Amino acid sequence: MDCKKAERFLLRSLDGRLDHENRALLQAHLEKCPSCQKKDREYQMILSLVRPQTVPELLPYFKERLLAKLKEKERTAPALLWVKWAHRAVAFSLATFLLFGAGILFFQPQEPRELSRTERFLLQDENPLGEAGSILDQKKAEDRNMMLIFASVGDTDVSRRYRP
Ligand SMILES: [Zn+2]
528 MDCKKAERFL
538 LRSLDGRLDH
548 ENRALLQAHL
558 EKCPSCQKKD
568 REYQMILSLV
578 RPQTVPELLP
588 YFKERLLAKL
598 KEKERTAPAL
608 LWVKWAHRAV
618 AFSLATFLLF
628 GAGILFFQPQ
638 EPRELSRTER
648 FLLQDENPLG
658 EAGSILDQKK
668 AEDRNMMLIF
678 ASVGDTDVSR
688 RYRP
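Numbering (my numbering), first residue to last: 528 to 691.
Set out below in structure tokens:
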């Protein structure tokens with residue numbers, strides 16, 4: 528019996544589909560073939576994992592691998608701590624960036640642009656109504672009348688000045 532046939536028999540025996548005669552042949556092969564013995568153990572192990580009622584045997588070198596994994600975890604733990612700090616650093620730098628951005632937004636030099644008529648009135652205090660308002664506060668009636676006349680003249684000047 529070659530190993531290929533032995534493997535086929537092995538699978539069949541696991542299913543319980545191998546008759547007594549072939550089972551004996553397989554057993555004979557397994558006794559002198561270490562590689563098929565290994566396969567047999569692997570299949571048994573897989574079966575034990577698949578069948579819920581059987582307690583799975585520990586894999587070879589399970590303890591060693593477990594210990595290695597634990598050591599690995601110890602090694603990665605400081606890295607995780609660093610990641611935590613890195614996240615904080617990122618948050619901090621992001622906040623700084625936002626503040627910086629806001630600073631640029633608020634303190635950027637005014638671009639020279641054409642002011643609208645309303646803006647000119649507001650910013651340069653050239654609202655003729657404001658002028659008229661101060662005139663109306665004047666106590667003396669004559670002064671008020673005189674100044675209103677001059678203001679009305681000024682108003683036409685202002686409107687002429689800001690005509691686009
Ligand atoms: Zn074999």
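All residues carry an ideal CB built from backbone N, CA and C; glycine is no exception. Please read all numbers here as calculations on a predicted model, not as lab measurements.
With the cut-off set at 7 angstroms, would you say Leu545 and Tyr570 are in Cβ contact? no
Could you check whether Leu557 and Met528 sit closer than 7 angstroms to each other, using their CB atoms as the reference points? no
Environment of Cys563 [buried if 16+ CB atoms lie within 10 Å]: buried
Classification of Ala533 by the beta-carbon crowding that lies within 10 angstroms, buried from 16 upward: buried
Quick test of your reading: Lys566 and Leu537, contact by CB under 8 angstroms. State the CB separation rounded to the nearest angstrom. 6 angstroms
Would you tell me roughly how many angstroms separate the C-alpha atoms of Leu597 and Leu626, rounded to the nearest one? 43 angstroms
Let me know the secondary structure DSSP gives Arg544 once reduced to three states. coil
Cutoff 7 angstroms: Arg615 Cβ touching any chain B Cβ: Given the protein chain composition of this structure (a single chain), no chain B is represented.
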